[in-house]
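In terms of the working numbering, the sequence shown is residues 1366 to 1473.
Built from N, CA and C at the ideal position, the CB exists for glycine as well.
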Amino acid sequence: QQPDYAYLCLYIVRNCGDGMYSFTVLNTGKDGSEYHPASFDAETGRELKQMAMTIWNIPSQRLADSTFWTLLFRMQVYPSKKNNAHFFYTKLLPSLNSQPLLSNVDQG
């Protein structure tokens, strides 16, 4: 699964205090954009995607667990049908705070 285009995927970890963290994904590419919140422009009807998505209320021990980081970077080093955006957004990100992905949208 080698994309024929280049894009940026940036990860931001923020210490929110009291042993809790947030993890933001900034994705400028096509792969995974369907998991990011969207709205429609009232004038043009064009779909507007949020490039950034934040997972909130992550306990520090979850981010300190090397399993998360191994799975995350394995996707970058060894892209395949198993290591893809679907796995990242439906399994890996929700595991950080044990909540469904879209339940994080209004928590910021």
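Around the beta carbon of Trp1434, fewer than 16 other beta carbons lie within 10 angstroms, which makes this residue exposed. The alpha-carbon separation between Tyr1386 and Thr1393 amounts to approximately 23 Å. The way I'd put it, the region 1419 to 1427 does touch the region 1373 to 1391; three or more beta-carbon pairs between them come closer than 8 Å. In the three-state reduction of the DSSP assignment, Met1416 falls in the coil class, being assigned neither a helical nor a strand state.
Tyr1400 is classed as buried because its beta carbon has at least 16 other beta carbons within 10 Å across all chains shown. In the DSSP annotation of this structure, Phe1453 is not part of any alpha helix (DSSP H), being labelled neither H nor E.
Annotation note: the region 1388 to 1451 contains the following uninterrupted beta strand (DSSP E) runs of length 3 or greater, listed N- to C-terminal: 1403 to 1405, 1412 to 1414, 1417 to 1424.
Within its own chain, the residues whose Cβ lies closer than 8 Å to the Cβ of Leu1461, once the five positions on either side in sequence are excluded, are Phe1388, Ile1420, Ile1423, Arg1427, Leu1428, Phe1433, listed in chain order. In this structure Leu1458 is in contact with Leu1466, their Cβ atoms being roughly 6 Å apart against a cut-off of 8 Å. For Leu1375 and Leu1437, the gap between their C-alpha atoms comes out near 12 Å.
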